[in-house]
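Below is one structure, written out as structure tokens, with a few remarks after it.
There are 2 protein chains.
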Amino acid sequence: MPADMLVSWNDGEAKRAVTDFVAQVTTTGSDAYMPPEDRVAVFDNDGTLWTEKPMPVELGFILQRLAAAAEQDPSLRERQPWKAARDRDYAWLGDVVTRHYHGDDSDVKVLLGGVLQAFAGMTIDTYTAAADAFLRHGQHPTLRAPFTACGYQPMVELLRFLEAHGFATFIASGGDRDFMRVVTQEMYGIPPERVIGSSTALRYTDEIEGGAIVFLAKPEVFDDGPAKPVRIWSRIGRRPIFAAGNSNGDIPMLKFAGGPSRPALRLLLLHDDKTREFAYIAGAERSLELARTLGWTVVSMKNDWKTIFRSAV
Amino acid sequence: MPADMLVSWNDGEAKRAVTDFVAQVTTTGSDAYMPPEDRVAVFDNDGTLWTEKPMPVELGFILQRLAAAAEQDPSLRERQPWKAARDRDYAWLGDVVTRHYHGDDSDVKVLLGGVLQAFAGMTIDTYTAAADAFLRHGQHPTLRAPFTACGYQPMVELLRFLEAHGFATFIASGGDRDFMRVVTQEMYGIPPERVIGSSTALRYTDEIEGGAIVFLAKPEVFDDGPAKPVRIWSRIGRRPIFAAGNSNGDIPMLKFAGGPSRPALRLLLLHDDKTREFAYIAGAERSLELARTLGWTVVSMKNDWKTIFRSAV
Chain A
1 MPADMLVSWN
11 DGEAKRAVTD
21 FVAQVTTTGS
31 DAYMPPEDRV
41 AVFDNDGTLW
51 TEKPMPVELG
61 FILQRLAAAA
71 EQDPSLRERQ
81 PWKAARDRDY
91 AWLGDVVTRH
101 YHGDDSDVKV
111 LLGGVLQAFA
121 GMTIDTYTAA
131 ADAFLRHGQH
141 PTLRAPFTAC
151 GYQPMVELLR
161 FLEAHGFATF
171 IASGGDRDFM
181 RVVTQEMYGI
191 PPERVIGSST
201 ALRYTDEIEG
211 GAIVFLAKPE
221 VFDDGPAKPV
231 RIWSRIGRRP
241 IFAAGNSNGD
251 IPMLKFAGGP
261 SRPALRLLLL
271 HDDKTREFAY
281 IAGAERSLEL
291 ARTLGWTVVS
301 MKNDWKTIFR
311 SAV
Chain B
1001 MPADMLVSWN
1011 DGEAKRAVTD
1021 FVAQVTTTGS
1031 DAYMPPEDRV
1041 AVFDNDGTLW
1051 TEKPMPVELG
1061 FILQRLAAAA
1071 EQDPSLRERQ
1081 PWKAARDRDY
1091 AWLGDVVTRH
1101 YHGDDSDVKV
1111 LLGGVLQAFA
1121 GMTIDTYTAA
1131 ADAFLRHGQH
1141 PTLRAPFTAC
1151 GYQPMVELLR
1161 FLEAHGFATF
1171 IASGGDRDFM
1181 RVVTQEMYGI
1191 PPERVIGSST
1201 ALRYTDEIEG
1211 GAIVFLAKPE
1221 VFDDGPAKPV
1231 RIWSRIGRRP
1241 IFAAGNSNGD
1251 IPMLKFAGGP
1261 SRPALRLLLL
1271 HDDKTREFAY
1281 IAGAERSLEL
1291 ARTLGWTVVS
1301 MKNDWKTIFR
1311 SAV
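Protein sequence lines correspond, in order, to chains A and B.
Using the numbering used here, you'd call the opening residue of the first sequence number 1 and step up by one each time.
Using the numbering used here, you'd call the opening residue of the second sequence number 1001 and step up by one each time.
Rendered as structure tokens:
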């Protein structure tokens, strides 16, 4: 059992829950034994694999596009979400996510309207190049580090630990699939075909040489809450036995893991490290309550992790 | 170059096109060299990996469900598609597909209405068990062999040949994703997460113990024609450089392979072996025309293949 693959984890309940679970499902003859083809693990991204405060990284990218549009078209400047983008109103934008976790999607719709307008008609190739430039040349607004350095080192170790034990690992996030894909291989060792996320409707056109995929001004799937298990099934075709998340939007995914008869480990990250990252439970209240009731494994970033970020931040 | 992995292929233009292409994209320093992460290959299923005549295998499964429904509910017996199902009217059903390839989807809609009604409310687990029973215990109506023996041996060799050269292989079919997944590992060595296909809308419910995915009476994606490149991108996040199909519905997928700047092999199966399989070009006319115009590789099942089926049929 190469438990020392989890070098950034302090010895404690969370680490023990992970290593015990993996030992049980991989030991032939154990009651909980699962053959390799059934070892599927899914991970949320924002707040689970990388930092999501003061706002999700993707919002920064969107902001940049919206602010640029408002520069070009003054009629947009007094309307949301362009106004917030241009005024760098991080409070308004951060609250969109918190309100969503509390069940109020009115501002999500306002924001989404702007986003759809910003990208409509763009090819996937142009979008990818823009996301790549933002993610590789931009900097986190408060951590003052490249975005690619904002991933959690202990979670990357966990991904490798699971893979070393025959697990297939997937990202299942509310973030935009095509945005994440630009850095998931480099940051987490997860290739684009194992990235599940929200998506905008696309269409194929062969009017562009070689054929191209183009964004429509229409959302396809917002991959959060009950959409997560559906999306996981659609993409993987198997029920995970390991799931990690950090918010109310992850509850259905965590419940779906294991199902009625299989062993499962459900892991919930608690953001309680004000010094090294951020301390908040807004948007995670119900999931933390369920963790207590149902015996999910809560990971305290403060107590369970020796280091937080992959590179020194 | 282990070209002898293609033992069921006769030496000829088609085999040479495949081995030459693979040699070019895998030879470091070659102009056409592609790193392993860009070696993505996509395969249609019906008529490309297994037989689709006298009607697609999945239609047999659907027929069985519709006939059972008509037995239980006499009011369905004079209505399509239940009437055709109960009367074993293979002509009506086979023509649905041919008419679709010709651009007429009116009967597809009639059939789909029945299908959606047949499966609405069913859990994924129940559906999978029913499809499994049909595929493993049923028999092809004219070949008199188990369905799992109706895959093309030369194509299975081609999948392994590509994988041995660093390709990631995927199925991208108009057939139902969840139906195919039941046998793709066993028949083609392709696990469920690499199966892309048509899908019915699903919803998650935690009212069933352990949480369950349930079919809605609503189609999601009919994965054919211009939907194929979109679906391929959505699932893989990379543009294939190898694509194999056999009908007009595969044209956009074949055009999408390679794109404006990359090398690509587009392979089109010609069903011209009346003795060992079936001879038909209905539904493939435009694709064969494009193959001539654009230099796609046409595989004659009669001349290019030593054997057709995986097991003796």
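Heads up, the beta-carbon is just placed ideally off N, CA and C, and yes, glycines get one too.
{"query": "Continuous beta strand (DSSP E) stretch holding B:R1322: start and end", "result": "As shown, chain B starts at 1001 and ends at 1313. That puts residue 1322 of chain B outside it, with no answer to give."}
{"query": "Assigned secondary structure, A:A244 (DSSP; H/G/I helix, E/B strand, else coil)", "result": "strand"}
{"query": "Own chain partners of B:R1177 with C-beta closer than 8 Å, once the 5 adjacent residues on each side are dropped", "result": "V1195, I1196, G1197, S1198, S1199, D1223"}
{"query": "Continuous alpha helix (DSSP H) stretch holding A:S8: start and end", "result": "That residue, A:S8, is in no alpha helix (DSSP H); it is neither H nor E in DSSP."}
{"query": "Cβ separation of B:D1044 and B:D1250, assumed to be a contact under 8 Å, to the nearest whole Å", "result": "5 Å"}
{"query": "Segment limits, beta strand (DSSP E) that includes B:Y1090", "result": "First-last for B:Y1090: 1090–1101, but that is the alpha helix (DSSP H), not the beta strand (DSSP E)."}
{"query": "Chain-order list of residues whose beta-carbon lies under 7 Å from that of A:M180 (same chain, five-residue window excluded)", "result": "N45, I171, S173, V195, G197"}
{"query": "Bridge partner(s) assigned by DSSP for A:Q139", "result": "A:P146"}
{"query": "Whole runs of the alpha helix (DSSP H) within the segment 201–254 of chain A, excluding any shorter than 4 residues", "result": "227–236"}
{"query": "Among A:L111, A:N10, A:A41, nearest to A:F21 - alpha-carbon criterion", "result": "A:A41"}
{"query": "Close beta carbons around B:L1374, own chain, < 6 Å, minus the five adjacent residues each side", "result": "What the structure shows of chain B is the stretch from 1001 to 1313, and residue 1374 of chain B is not part of that stretch, so it cannot be assessed."}
{"query": "Backbone CA spacing between A:G295 and A:H271 [nearest angstrom]", "result": "18 Å"}
{"query": "Within-9 Å CB hit, A:K218 to chain B", "result": "no"}
{"query": "Sufficient close CB pairs (3 or more, under 8 Å) joining the segment 277–288 of chain A to the segment 1025–1036 of chain B", "result": "no"}
{"query": "Backbone CA spacing between A:A120 and A:M34 [nearest angstrom]", "result": "44 Å"}
{"query": "Where A:S261 falls: helix, strand or coil (DSSP)", "result": "coil"}
{"query": "Expected contact under 8 Å - CB spacing of A:Y127 and B:F1256 to nearest Å", "result": "Between B:F1256 and A:Y127 the Cβ distance is about 17 Å, and since that is not below 8 Å, they are no contact."}
{"query": "Contact set for A:Y101: own chain, Cβ-Cβ below 8 Å, skip 5 residues either direction", "result": "S247, N248, G249, A282, G283, A284"}
{"query": "Under the three-state DSSP convention, the category B:A1279 falls into", "result": "strand"}
{"query": "Residue span of the beta strand (DSSP E) that contains B:D1044, given as start and end", "result": "Here B:D1044 belongs to no beta strand (DSSP E), and DSSP marks it neither H nor E."}
{"query": "DSSP state of A:T169 mapped onto helix, strand, coil", "result": "strand"}
{"query": "Residues of its chain near A:E157, where Cβ-Cβ distance is below 8 Å and the 5 sequence neighbours each way are ignored", "result": "M5, L6, V7, S8, W9"}
{"query": "Beta-carbon spacing of A:M122, A:L49 below 9 Å", "result": "no"}
{"query": "Among A:E209, A:P192, A:E193, A:I213, nearest to A:A201 - alpha-carbon criterion", "result": "A:I213"}
{"query": "Per-residue contacts from B:R1238 into chain A (C-beta, under 8 Å)", "result": "P192, E193"}
{"query": "9 Å Cβ cutoff, B:L1290 in contact with chain A", "result": "no"}
{"query": "Rounded straight-line distance, which links the Cα of B:A1069 to that of B:V1057", "result": "19 Å"}
{"query": "Under 8 Å from the C-beta of B:R1235: neighbouring residues of chain A", "result": "E193, R235"}
{"query": "Same chain, Cβ closer than 6 Å to A:L269, neighbours up to 5 away in sequence not counted", "result": "T48, N246, V299"}
{"query": "Local Cβ density within 10 Å of A:A91, reported as buried at 16 or more and exposed below that", "result": "exposed"}
{"query": "Cβ-Cβ distance between A:A67 and A:L267 below 9 Å", "result": "no"}
{"query": "Simplified DSSP assignment, three categories, for A:S75", "result": "helix"}
{"query": "Alpha-carbon to alpha-carbon, B:K1083 and B:R1077", "result": "5 Å"}
{"query": "Member of B:V1230, B:R1276, B:G1094 whose CA lies at the smallest distance from the CA of B:I1308", "result": "B:R1276"}
{"query": "Any C-beta of chain B under 9 Å from that of A:P56", "result": "no"}
{"query": "Cβ-based neighbour list, B:G1258, same chain, cut-off 6 Å, excluding 5 preceding and 5 following", "result": "I1241, A1264"}
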